[in-house]
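Count along the sequence shown from 1, add 393, and you get the number used in the numbering used here.
Notes follow the structure.
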Amino acid sequence: MTVSTKGLYISAVDNLKQLFVYFNKEGRWLLVAQLKLRKQVSCLIFTPSERSLVIGDKSGDIFKLPLRLERPIYSADLILLCGHLSLLSHMAISDDEMYLASCDRDEKIRISRFSEPNVIQSFCLGHKSFVSQLGFVPNTRYLISTGGDGYISIWDCVSGHCLSSYHISTNEPLPSSVSADFEFDSRSEFVVSRLYFVKADIIVCSFLSLPVLLAFNICITRDTVLWGSKALTSTPDKLPFIDIALCSNENRVIGLCSTSTSVCLYSWKLNIQYNTCQSLHTMKWDDPEVIHCVANDILAQVPVPSPRTELLKLFFKCTDNSAMIHAYKSNKQLHQQNVTQRRIRSQKTRKWNKSLRNSVGEK
């Protein structure tokens with residue numbers, strides 16, 4: 394599910410490949426489109442202008458659906474923009490709608506021109522595992538990415554150059570209550586599952602297997618990146634997030650968390666102390682508050698784990714299935730020796746047959 398920038402549209406897909414688009418008219422949500430798609434959807438985003446919905450499916454194709462309220466919307470309105478050769482994991486569009494960034498499980502980030510998607514501006518290459526999240530720094534050409542390798546990277550999307558990378562597992566100690574009481578899947582501990590910009594220079598992210606929220610401050614000046622202060626907080630029950638969302642203009646994050654018996658909604662507010670003399674700020678999380686406005690019977694229907702979590706875990710399975718490739722590389726020298734020996738035996742056989750024919754001819 395995704396919400397447009399100004400909150401006018403909501404779009405969602407189900408496991409039957411059906412796409413729903415709702416429009417907010419005077420506080421009421423009206424269904425303006427219901428389409429049957431050919432492939433399962435892996436990611437959805439609205440354009441900043443809210444004129445189109447961009448859809449990425451599991452086959453790697455990216456489509457654009459123009460949003461018009463004056464007439465019905467049909468499947469024939471879908472426009473194929475571009476495609477990847479691998480499963481699409483996430484997308485992002487720059488605020489000026491000039492660039493479309495897309496990534497997949499094969500470690501690639503491609504920057505296309507949104508108005509001319511057949512024109513590739515650059516490739517951002519450097520992650521050592523699948524790319525999980527993308528986001529453009531507001532009103533800039535800079536792109537931030539996270540991956541299965543635990544790195545947060547910042548790129549110049551025009552040139553494809555990596556400006557800076559930050560490895561979470563080695564640079565950021567976890568809260569003692571989390572690291573001491575629980576054991577998590579070591580492969581997916583530091584995989585970012587969601588990423589939001591609270592401000593243009595402050596980012597909040599949640600993780601696939603860790604029950605923590607991380608907020609960090611960045612400053613980009615003339616392609617130079619400074620990593621500022623960071624703030625960590627954990628879920629009350631020390632269980633990973635199902636999903637998170639950002640409340641507009643409130644510095645507040647809503648997290649959907651599972652407990653031992655139920656699913657609960659919590660909210661955290663990020664207090665930011667701005668430093669007038671420098672661009673880096675200090676931050677601190679407030680204690681979490683329980684949200685009671687959603688009925689328990691609705692929360693009970695929330696799938697645990699979430700489809701997004703299942704998709705990211707699928708990438709790990711795809712990586713693990715490369716054992717045959719590793720086995721081939723480890724036995725490559727032996728394989729080459731066997732090929733050489735077969736060639737030598739074949740040459741000896743040909744020479745012996747030739748000499749035999751010559752001897753028969755002489756007789």
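Virtual Cβ for every residue (Gly too), placed ideally from N, Cα, C.
Keep in mind that this is a model prediction, so the values were computed, not measured.
Unbroken beta strand (DSSP E) run spanning residue i, endpoints
i, result
"methionine 676", "675-678"
"serine 557", "554-560"
"isoleucine 547", "544-549"
"methionine 484", "481-486"
"phenylalanine 456", "454-459"
"aspartate 636", "634-640"
"glycine 648", "645-651"
"arginine 503", "501-506"
"aspartate 497", "492-497"
"valine 524", "524-529"
"tyrosine 402", "402-406"
"tyrosine 535", "535-540"
"serine 515", "513-518"
CB contact below 8 Å: residue i versus chain B
i, result
"tyrosine 402", "This model lacks chain B altogether, as it is built from one protein chain only."
Bridge partners - residue i, DSSP secondary structure assignment
i, result
"asparagine 417", "Trp422"
"glutamate 682", "Ser660"
"alanine 469", "In DSSP, alanine 469 forms no bridge with anything."
"arginine 587", "Ser599"
"glycine 476", "Asp454"
"isoleucine 737", "Isoleucine 737 is not bridged to any residue."
"serine 627", "Val605"
"glutamine 666", "Thr675"
"valine 434", "Asp450"
"tryptophan 620", "Ile611"
"lysine 521", "Note: lysine 521 sits in no beta bridge, so no partner."
"leucine 412", "Val406 and Leu428"
Proximal residues to residue i (C-beta, below 8 Å), its chain only, five neighbours per side dropped
i, result
"aspartate 690", "none"
"serine 579", "Since pLDDT at serine 579 reaches only 49, below the 50 mark, its modelled position is unreliable, and the value read off the structure follows with that caveat. Cβ neighbours of serine 579 beyond the five flanking positions: none."
"tryptophan 745", "none"
"threonine 742", "none"
"tyrosine 535", "Phe529, Ile547, Trp548, Asp549, Cys550, Leu556 and Ile613"
Assumed close pair residue i, residue j - CB separation to whole angstroms, cut-off 8 Å
i, j, result
"serine 435", "leucine 478", "Not quite, the Cβ-Cβ distance comes to about 14 Å (not below 8 Å), so this is no contact."
"leucine 777", "leucine 446", "Residue 777 lies beyond the stretch modelled for the chain, which goes from 394 to 756, so this question has no answer here."
"leucine 424", "lysine 410", "About 17 Å; that fails the 8 Å criterion."
"serine 495", "glycine 553", "14 Å between Cβ atoms; not a contact."
Cβ neighbours of residue i in the same chain (closer than 7 Å, five flanking residues each side left out)
i, result
"threonine 395", "Ser404, Leu437, Ile438 and Phe439"
"threonine 626", "Val605, Leu606, Trp661 and Trp678"
"glycine 476", "Gly453, Asp454 and Ile455"
"lysine 501", "Phe516 and Leu518"
"asparagine 644", "Val591, Lys662, Leu663 and Ile665"
"threonine 702", "Ser586 and Leu601"
"aspartate 574", "Here the model assigns aspartate 574 a pLDDT of 48, short of 50, so the residue's position is not dependable, and the following value carries that caveat. Contacts found: Lys631."
"glutamate 490", "Thr440, Pro441, Ser442 and Phe507"
Residue i and residue j closer than 8 Å at C-beta
i, j, result
"phenylalanine 590", "isoleucine 561", "no"
"isoleucine 545", "tyrosine 559", "yes"
"valine 656", "leucine 663", "no"
"threonine 398", "glutamate 443", "yes"
"isoleucine 613", "isoleucine 596", "no"
"proline 457", "leucine 474", "Reading off the sequence shown, one finds lysine at residue 457, where the question assumed proline. Yes, these two residues count as a Cβ contact at 8 Å."
"serine 761", "methionine 676", "The requested residue 761 does not occur in the structure, where the chain is confined to residues 394 to 756."
"proline 441", "isoleucine 504", "no"
"phenylalanine 523", "glycine 541", "yes"
"leucine 471", "tyrosine 402", "no"
"isoleucine 647", "isoleucine 684", "yes"
"leucine 556", "aspartate 616", "yes"
"cysteine 550", "tyrosine 492", "yes"
Cβ shell of residue i (< 6 Å), same chain only, five flanking positions each side left out
i, result
"isoleucine 718", "With a pLDDT of only 47 at isoleucine 718, under the threshold of 50, the placement of this residue in the model should not be trusted, and no figure is reported."
"glutamine 526", "His483, Thr539, Val585 and Leu588"
"valine 406", "Leu412 and Val434"
"asparagine 417", "Leu401"
"arginine 750", "none"
Any non-hydrogen atom of the ligand FMN closer than 7 Å to residue i Cβ
i, result
"arginine 461", "For the structure depicted, the ligand FMN is absent and the ligand set is empty, with no information on it obtainable."
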